[in-house]
Every structure is written in C-alpha cells, then in structure tokens.
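Mapping to numbering that gives the first Met the number 0: the sequence shown position 196 is 195, numbers consecutive.
Positions of the beta carbon are idealized from the N, C-alpha and C atoms, including for glycine.
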Amino acid sequence: MTQKPLLNNKQIWNINFGFLGLQICLTLILANTSRILSGLGADIDQLPLLWLAPPLAGLIIQPIVGYISDRTWTKWGRRIPYVLAGTIMTALMMLLMPNSHILNNIFSVVLSITFILFWTQTALNISMQPYRSLVSDMVDSRQSSKGYSTQTILANIGGIIGSLLPYVLAQAGVNNEADESGRIADSVTWSFYIAAAILLVTSLKTCFSVKEYPPAIFEKYNSADISKQSTVSTKTIIYTLSRISIVQLFSWMAFFIIWVYATDALAESVWNTSDASSSAYNDAGNWYGVLTGVYSITAAIFSFYIPRISNLIGRKTLYSLALFAGGLGTISLYYIKDQYILLFPMIAIGIAWALILTIPFTLMNDIAPAKKMGFYMGLLNITIVLPQIIGGLTGNFIFKHIAGSSSVSMMLIAGIFLFMGAVSVYFIKSRKTVSLQ
Numbered sequence: 000m001t002q003k004p005l006l007n008n009k010q011i012w013n014i015n016f017g018f019l020g021l022q023i024c025l026t027l028i029l030a031n032t033s034r035i036l037s038g039l040g041a042d043i044d045q046l047p048l049l050w051l052a053p054p055l056a057g058l059i060i061q062p063i064v065g066y067i068s069d070r071t072w073t074k075w076g077r078r079i080p081y082v083l084a085g086t087i088m089t090a091l092m093m094l095l096m097p098n099s100h101i102l103n104n105i106f107s108v109v110l111s112i113t114f115i116l117f118w119t120q121t122a123l124n125i126s127m128q129p130y131r132s133l134v135s136d137m138v139d140s141r142q143s144s145k146g147y148s149t150q151t152i153l154a155n156i157g158g159i160i161g162s163l164l165p166y167v168l169a170q171a172g173v174n175n176e177a178d179e180s181g182r183i184a185d186s187v188t189w190s191f192y193i194a195a196a197i198l199l200v201t202s203l204k205t206c207f208s209v210k211e212y213p214p215a216i217f218e219k220y221n222s223a224d225i226s227k228q229s230t231v232s233t234k235t236i237i238y239t240l241s242r243i244s245i246v247q248l249f250s251w252m253a254f255f256i257i258w259v260y261a262t263d264a265l266a267e268s269v270w271n272t273s274d275a276s277s278s279a280y281n282d283a284g285n286w287y288g289v290l291t292g293v294y295s296i297t298a299a300i301f302s303f304y305i306p307r308i309s310n311l312i313g314r315k316t317l318y319s320l321a322l323f324a325g326g327l328g329t330i331s332l333y334y335i336k337d338q339y340i341l342l343f344p345m346i347a348i349g350i351a352w353a354l355i356l357t358i359p360f361t362l363m364n365d366i367a368p369a370k371k372m373g374f375y376m377g378l379l380n381i382t383i384v385l386p387q388i389i390g391g392l393t394g395n396f397i398f399k400h401i402a403g404s405s406s407v408s409m410m411l412i413a414g415i416f417l418f419m420g421a422v423s424v425y426f427i428k429s430r431k432t433v434s435l436q
C-alpha cells in the first residue's frame, strides 16, 4: 500500500482557498435573505416556506454532484470541473440576487425569490460538494483533520468578511436604506457584487494551483480502500450516518431558525421596529451581520484548537459541550436588549458553529471509502438540508403557535434545539476513535 504524500501548508490552503469565496457568498445570502424578502413585501409568516428553496437545492444537487464526480475523470481533474462550473454560476446569481426586485416587477414575490434562491443555492452546491471531496482525494488520512480544519478556518474567515461587508460599506457612507419598490439598500447590493468578485479570484486560484491525481495514481494511493471496506461495511457507514443525523437535525434546525428570524428579532427587541424599509430595520440587519461576523471569528479561532482539545477531553465531549454553549448563547438573545452586549453570546454560538462544521465531516472521513467519498459526503449533506426543510415546513406553525408570533421567542426555541443536539451527540458510535490532529 502506497500512502499519499504529506502536503505542506501552502498546498492544503490552495486546495481549500476557493472555499473562502464560497463562504463569503453563502454568509451574505444567509444573513440577508430575510431582509431581501421583507423588502420585497414578503410577510414574516411566509419566510420559513420561502427559505425552503436553498435546502431543497442542496438535497437534490449535492448527492448527484457527488455521485457523478466520483465517476468523472477529465484532463482538468475529477472535482475541479465542477468547482469551476459552480463558481461561474454562483457569481452570476450573486449579481442577480440583490436585483431581485426587477423579477418581482414581472412575477410574484414568491416566484421570483424562489427562483433566485433555488438557482443561487444550486450553483453554490455544485462547487461546495466537490470541495469537501477534494480534501479527501488529495490529503492523506494522516492529515485529513488538518485538511478539514483548514477548510473550516477559511469558511469562517469567509463568514467574517461576508457578514461584515454591508456594515462596513454603510459606515463608509454607502446608502443603507431600501426603497418602497423592493430595491434593497446599496450597502447590501454592493456587498453581493464584491463577494462575486472575491469568489472568482479565490476559486480560480484553487482551480489553477491544484493538480488532481490521475486515475492510476489515485488508485495506487487509495488501495487502502480494500482493507477499509473489508472492516467497514456499507451497513456500518449508514448506521453511523443515521446517528450523526440525529445531532444534525437539532443543530441545523437551530441555525435555520436563527438565520430566518434573527434580523426581525433584533429589529423587534433592540430597534423597536418591524418596518422593513426603515433605516432602523436596516441598521438591525447590518448589526446582525456584525454579530454573524463575531461568531465566525470565534469559530475560525476555535477551529485551530479543536484537535488539541479533543485529544484532551474526547471528541464527543467537546462536540456536546460546544452545542450546549451555543444553546446558552442563543437563549440569551431573548433576554439581551443592548446591541453591544449581544456580541458576547455570539462567542458561544461561534464555538458551536466551529464543531458543527468540522466533526461530522471528520467522522465520515474515518469510515467512508475514498472511491465513494463524493457520494457519502452527498449523503452527509442530506443530514444538513433535511433539518432545514423540516424547519421551513414547520417554522410558521412554531412561530405562530409556540413562539406566539414573536421573532425573539424563536431564539429560545433555537437554543432548546441546540441543547437537544448536545445530548444526542452521545448516540454517535464511530468505528474507531481518531485524533483530529
């Protein structure tokens, strides 16, 4: 058996560099979709259903892209063609999304924004899924945790940039008010344009600096699959995935609620407004971007320490404690009325976010064969998007009948979901305990 060569830091960063641009785009979408929807005239009762488009795109696209890319061999590589195609599509959709009011003049609010959200997320998924598999393809198992941790670090740096862009532009004097026609604030529009440009630069850097292994060499490096498959059956992989999915259900339901309702919650509790076209509402939206930046900064920093801490207290214990801390932080959003004090609970939420983005992928990498890694990463993605679909279908019921039509109360419910995720971590049983170093 021949092991893959160990890569230096520059090579590992080049493999993941495009993920930086992808995450800037994704964060802008997550932080501003409810704001755009409200500006177009969507009622808060409609928000969960309108948010269904992104997870539905992920449910359909990622497993398909993973399955096909596992069987793709071109002169440009195995995963890179999908990264490049997804990058171009995403950049185009990032230009269209802040101008969705144009489509709204032709179609209904629901139809226009559903179309844009679905195709934007489809484009992101075409690139994102191959990036997960590219780490497994190129990085030896001795460095797999470093590979995924690097991806998490870059993802969170992207999250910081994406979340702060509208706030920074507004502070620089760019117009921060939407108009009655549904046209969103210029600070948000230009943030999307800048994100599209950064995405092109970072993804092209990965596409032109990474040379994937040709089929014969890939086969030689991954001959270990024969022994892995002899000890880890498909049944075992699916069993482990089903246990991971329990944690994923509660974790991603929680963050789905945060993404959908946080802007309105801040506007309601701190800025005392519900008028989506007002300056106060847009100030709340920009401050939510700052808060997202804080939890992204925390996640990026904490990701460096995941291997060391997990070796000290165990991966499950760390995962559970992180989700519990995130639950406390989210619940505190209900009680805090000062915009600056809100910065502190975001640290706890950021710790939870770091583990959510890292642990499930390292667990899957432990047991899934490299030849089918794209397919199994696609299945793992289903455990991410299904909770969001459930959140979209049940969100309005929860909002009206449990939260009393209060966006702030939805933060309590999100925190409870994270507590439930912390408990369910202990249902996961992996084939072996692997260091995250």
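Simplified DSSP state of Gly292, which is helix, strand or coil
helix
What number of angstroms, rounded off, separates the C-alpha of Leu354 from the C-alpha of Ala321?
7 angstroms
Quick one: which unbroken alpha helix (DSSP H) runs of 4-plus residues sit fully inside the region 122–206? Chain order, please.
143–170
Three-way DSSP call (helix, strand, coil) for Leu417 in this model:
helix
Under 7 angstroms Cβ to Cβ from Ser331, same chain only, skipping five residues before and after it: list those, please.
Pro344
What residues are listed by DSSP as bridge partners for Gly76?
Thr73
Answer yes if the region 156–171 comes into contact with the region 300–312, meaning at least three C-beta pairs across the two stretches below 8 angstroms, and no otherwise.
no
Taking its Cβ as the centre, do 16 or more other Cβ atoms sit within 10 Å of Ala253, making it buried, or is it exposed?
buried
With 16 other Cβ atoms within 10 Å as the buried cut-off, status of Trp50:
buried
If Leu362 sits next to Pro62, beta carbons under 8 angstroms apart, how far is it from one beta carbon to the other, in whole angstroms?
At roughly 18 angstroms, the Cβ-Cβ gap does not stay under 8 angstroms, so Leu362 and Pro62 are not in contact.
Among Ser405, Gln120, Cys24, Trp118, the one whose alpha carbon lies nearest that of Thr201:
Cys24
Three or more C-beta pairs closer than 8 angstroms, one from the region 241–259 and one from the region 141–154: is that the case here?
no
Which ranges would you report for the alpha helix (DSSP H) in the region 10–57 if only whole runs of at least 4 residues count?
46–49
Top-ranked residue by Cα proximity to Ala52, from Phe418, Ile115, Asp365:
Ile115
For Tyr425, the nearest candidate out of Ala177, Lys204, Ser186, Ser244 (CA to CA)
Ser244
Take the Cβ of Ser226 as the centre, count every other Cβ of all protein chains shown within 10 Å, and call the residue buried at 16 or more, exposed below.
For Ser226, the predicted structure reports a pLDDT of 49, less than 50, and the residue's modelled location is therefore unreliable. A value from the coordinates is still provided. Ser226 comes out exposed.
Which two residues bound the contiguous alpha helix (DSSP H) that contains Lys3?
Run containing Lys3: none; DSSP gives neither H nor E here.
Got a sec? Which residues, its chain only, sit under 8 angstroms from Leu5 by beta carbon, not counting five neighbours each side?
Asp139, Arg141, Gln142
Work out the CA separation of Ser278 and Lys9 for me, nearest whole Å.
44 angstroms
Ala413 to Leu123 span [Cα, whole Å]:
25 angstroms
Alpha helix (DSSP H) segment containing Glu267, residue limits:
233–268
Please name the residue, chosen from Asn285, Phe18, Ile43, that lies closest to Ser126 on a Cα-to-Cα basis.
Phe18
Where does the unbroken alpha helix (DSSP H) through Ala347 begin, and where does it stop?
344–366
Rounded to a whole number of angstroms, what is the C-alpha to C-alpha distance between Lys336 and Ser268?
6 angstroms
Between the region 31–48 and the region 168–175, do at least 3 Cβ pairs fall closer than 8 angstroms?
no
Confirm, please, whether the CB-CB distance from Gly76 to Glu211 is below 8 angstroms.
yes
Buried or exposed (CB count within 10 angstroms, at least 16 for buried), Ser229
Low confidence applies here, because Ser229 scores a pLDDT of 48, under 50, leaving its location unreliable; read the following figure in that light. Exposed.
Where Thr272 sits in the DSSP three-state scheme:
coil
By the three-class DSSP mapping on this structure, what secondary structure does Ile335 have?
coil
Following the continuous alpha helix (DSSP H) through Ile397, name the residue where it begins and the one where it ends.
Segment: none, Ile397 is in no alpha helix (DSSP H) and carries neither H nor E.
Chain-order list of residues whose beta-carbon lies under 7 angstroms from that of Met419 (same chain, five-residue window excluded):
Phe249
N-terminal and C-terminal residue of the alpha helix (DSSP H) that Ile427 is part of
From DSSP, Ile427 is part of no alpha helix (DSSP H); its letter is neither H nor E.
What do you reckon, is the C-beta of Met363 under 7 angstroms from a heavy atom of the ligand GDP?
With respect to the ligand GDP, the structure offers nothing, as it holds no ligand at all.
Short check: CB of Ile260 to CB of Ile348, under 8 angstroms?
The identity of residue 260 in the sequence shown is Tyr, whereas the question assumes Ile. Cβ distance not < 8 angstroms, so Tyr260 and Ile348 don't count as in contact.
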